[in-house]
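Numbering (my numbering), first residue to last: 8 to 225.
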């Protein structure tokens with residue numbers, strides 16, 4: 008499914024500036040042609056300020072359908088035009104085969120080996136690595152010496168790298184859902200988020216989206 012005229016697009020701009028890369032912008036689709044979507048100049052969701060785009064800017068975009076599904080795609084700025092006094096930005100129309108769908112109440116999960124800091128108490132902390140990650144929770148691998156129980160609550164900090172080179176530290180609280188003892192003698196611990204801000208969750212979802220596109224493009 009492709010976005011239609013008058014739908015709202017939400018996107019982040021690929022940037023080496025961490026603060027800029029985290030900003031979410033929104034814009035209405037004013038028109039379209041065979042290979043392009045024509046959008047109004049975007050506005051920051053947080054500040055309400057208009058954002059100027061430049062030729063070649065790379066964007067991570069999503070739009071929401073009426074059934075509560077987010078459709079994600081990558082795009083870039085391919086030109087500009089003025090129509091009846093309204094300045095528009097031309098984005099490359101997405102390839103439907105490369106779009107990703109995410110249900111509002113479920114989240115895309117991808118295999119990923121990211122660094123994770125786990126805090127048991129004021130005196131016990133350790134570093135480990137995830138084996139998969141998603142917007143609703145993650146699983147990680149650790150040494151068998153660390154004792155976990157189902158429904159145990161822990162604090163974590165996840166190191167999240169993006170394809171533009173920026174790195175974010177995502178803090179959250181989680182609850183242990185399941186523990187598996189592996190043949191290697193290590194443990195796989197599955198946790199769900201119980202306290203995470205929308206901003207931090209969006210960073211994880213953005214990472215998952217980038218990894219999904221990377222796998223598809225191989």
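Backbone N, C-alpha and C define an ideal beta-carbon position, used for all residues, glycine too.
Here the structure is a predicted model, which means the values were calculated and not measured.
Compare the C-alpha of residue 88 against each of 204, 13 and 60 and name the closest. 60
Going residue by residue through the segment 170-224, where are the continuous beta strand (DSSP E) segments of at least 3 residues, counting only ones entirely within it? The segment 170-224 contains these whole beta strand (DSSP E) runs: 174-188 and 194-202.
By alpha-carbon positions, which one of 93, 98 and 73 ends up nearest to residue 20? 98
Same chain, Cβ closer than 7 angstroms to residue 156, five either side skipped, listed in chain order: 183
Backbone CA spacing between residue 35 and residue 103 [nearest angstrom]: 20 angstroms
According to DSSP, is residue 3 helix, strand or coil? Only positions 8 to 225 of the chain appear in this structure, which leaves residue 3 out of reach.
Identify whether residue 103 lies in helix, strand or coil by the three-state DSSP scheme. helix
Looking at the unbroken beta strand (DSSP E) that takes in residue 227, where does it start and where does it end? Outside the shown range of the chain, which is 8 to 225, sits residue 227, and nothing can be said about it.
Determine the contact status of residue 33 and residue 8, defining contact as a CB-CB distance below 7 angstroms. no
Span of the beta strand (DSSP E) holding residue 38? Where residue 38 is concerned, the enclosing beta strand (DSSP E) stretches over 32-39.
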